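Down below is the structure, laid out as structure tokens.
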Amino acid sequence: MVIGKPLLSVEQIQNRVKELALKISEDYEGKEILSVG
Numbered sequence: 076m077v078i079g080k081p082l083l084s085v086e087q088i089q090n091r092v093k094e095l096a097l098k099i100s101e102d103y104e105g106k107e108i109l110s111v112g
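Heads up: the sequence shown begins at 76 in our numbering, then just goes up one per residue.
This is how it looks when you write it as structure tokens:
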């Protein structure tokens with residue numbers, strides 16, 4: 076069921092996720108990450 080037009084394309088979302096993953100990797104390089112969720 077489609078409610079409306081998507082605001083972002085699949086490619087845009089995938090690219091942003093990759094950018095954020097790279098930023099997190101750079102910020103936490105050499106550190107232990109604790110993820111709670």
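Every residue gets a Cβ at the ideal spot worked out from N, C-alpha and C, and that includes glycine. If you're wondering where the values come from, they're calculated on a predicted model, not measured in any experiment.
- V92 sits in a helix when the DSSP states are folded into three classes.
- In the structure shown, K98 adopts helical secondary structure according to DSSP, grouped into three states.
- Within the same chain, no residue comes within 8 Å of V77 by CB-CB distance, once the 5 residues on both sides are set aside.
- Separation of E94 and G105 (C-alpha to C-alpha, rounded to the nearest whole angstrom) is 19 Å.
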